[in-house]
Amino acid sequence: MRYPLTSLFCVLLSAIASGQFSPERALQAFDAQYPTETIHLDYQADEFFVGECIWFKAYVALGAGPSDRSTNLYVELYDAQKARIDKYLVALYLGAGEGSFLLPETLPEGVYYIRAYTLLSLNHGRQLPYVRQLNVYNPVSPKRLQARPVQWNAASFAESGTLLAGVRTTVALRLFSRTTLPDRWTAIVTARGSGSIVASCRSFNLEVGSFSFTPLTDEDYEVKITDDKGAY
Numbered sequence: 001m002r003y004p005l006t007s008l009f010c011v012l013l014s015a016i017a018s019g020q021f022s023p024e025r026a027l028q029a030f031d032a033q034y035p036t037e038t039i040h041l042d043y044q045a046d047e048f049f050v051g052e053c054i055w056f057k058a059y060v061a062l063g064a065g066p067s068d069r070s071t072n073l074y075v076e077l078y079d080a081q082k083a084r085i086d087k088y089l090v091a092l093y094l095g096a097g098e099g100s101f102l103l104p105e106t107l108p109e110g111v112y113y114i115r116a117y118t119l120l121s122l123n124h125g126r127q128l129p130y131v132r133q134l135n136v137y138n139p140v141s142p143k144r145l146q147a148r149p150v151q152w153n154a155a156s157f158a159e160s161g162t163l164l165a166g167v168r169t170t171v172a173l174r175l176f177s178r179t180t181l182p183d184r185w186t187a188i189v190t191a192r193g194s195g196s197i198v199a200s201c202r203s204f205n206l207e208v209g210s211f212s213f214t215p216l217t218d219e220d221y222e223v224k225i226t227d228d229k230g231a232y
């Protein structure tokens with residue numbers, strides 16, 4: 001038996017209009033059946049040495065309260081090359097549990113990662129819900145972590161907007177960086193013509209410092225800033 005094309009089109013249009021195939025409803029149904037869990041781990045320290053034990057407390061939340069869906073939390077320790085070093089199965093009671101990793105004394109110094117997930121949390125994408133970077137130090141490791149020098153720039157701002165000969169002026173110094181700023185820094189102001197030091201200052205905080213001096217006519221001045229790592 002043949003059905004008119006107009007009738008078939010009306011049936012399809014009616015099904016779509018009814019909302020049975022709504023993407024929003026599908027997502028709502030998925031979230032209701034597989035809600036998103038959030039994972040948090042607390043540690044006794046931020047950095048560790050080989051031979052130490054990484055103790056942690058784990059918390060799994062569902063919405064605004066502890067999760068009652070998952071009873072197990074999988075916690076894994078990886079090196080920077082994504083090779084798994086150790087794993088721990090945390091038994092959860094009312095969304096909480098604890099565990100530890102013993103760092104072997106033969107472990108090379110470097111950056112390591114702790115990854116944690118529940119089976120329910122894996123339903124919401126391929127990315128693991130919890131990843132934490134940890135620095136592990138080994139004094140006898142042939143490849144030790146080296147601190148990178150802080151990269152920064154500086155700018156000066158005269159109180160009156162410009163330097164006036166014979167008028168004592170306060171000049172503010174400010175450091176800028178895309179990453180971090182040094183903890184402390186000092187500045188020395190010299191007259192280029194004579195080479196004499198006309199002012200100096202220490203930083204008030206990570207960013208700002210200031211000095212005052214009386215500029216002379218037809219003289220140029222240079223500010224040299226040195227941070228606590230010796231960079232300038």
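Numbering (the working numbering), first residue to last: 1 to 232.
All C-beta atoms, glycine included, are put in the ideal place defined by N, C-alpha and C.
Check, Outcome
"How is Phe213 classed by DSSP in three states: helix, strand or coil?", "strand"
"My output table needs one value for Arg178: the three-state DSSP class, helix, strand or coil.", "coil"
"On the DSSP bridge assignment, give the partners of Asn272 in chain order.", "Residue 272 lies beyond the stretch modelled for the chain, which goes from 1 to 232, so this question has no answer here."
"Excluding the 5 residues flanking Cys53 on each side, which residues of the same chain have their C-beta closer than 8 Å to its C-beta?", "Ser100, Phe101, Leu102, Leu103"
"If you pair each beta-carbon of the segment 211-221 with each one of the segment 154-173, do three or more pairs fall below 8 Å?", "yes"
"Cβ of Tyr78 within 7 Å of Cβ of Arg84?", "yes"
"Distance, Cα to Cα, Phe213 vs Pro142?", "50 Å"
"Who are the near neighbours of Val131 in its chain, counting only those whose CB is closer than 7 Å to its CB and skipping five residues on each side?", "Tyr113, Arg115"
"For Leu233, collect the residues of the same chain with a Cβ closer than 8 Å to its Cβ; drop the 5 residues on either side in sequence, then sort them by chain order.", "Since the first and last residues shown for the chain are 1 and 232, residue 233 lies out of range."
"Count the other CB atoms, across all protein chains shown, that sit within 10 Å of the CB of Ala187; report buried if there are 16 or more and exposed otherwise.", "buried"
"Per DSSP, Gln133 forms a beta bridge with which residues?", "Tyr113"
"Which first and last residues belong to the beta strand (DSSP E) in which Val60 is found?", "53-62"
"I'd like the list of long-range same chain contacts for Asn72, defined as Cβ closer than 8 Å, with 5 residues on each side in sequence excluded.", "Leu89, Val90, Ala91, Leu92, Thr118, Leu119"
"Go ahead and pull the three-state DSSP assignment for Asn123.", "helix"
"Using C-beta distances below 6 Å, list every residue in its chain close to Phe157, excluding the 5 sequence neighbours before and after it, in chain order.", "Ala172"
"Taking 6 Å as the limit between beta carbons, can you name the residues of its chain near Trp55, skipping five residues before and five after?", "Gln44, Ser100"
"Identify which residue in Val223, Arg192, Glu109 has its Cα closest to the Cα of Ala155.", "Val223"
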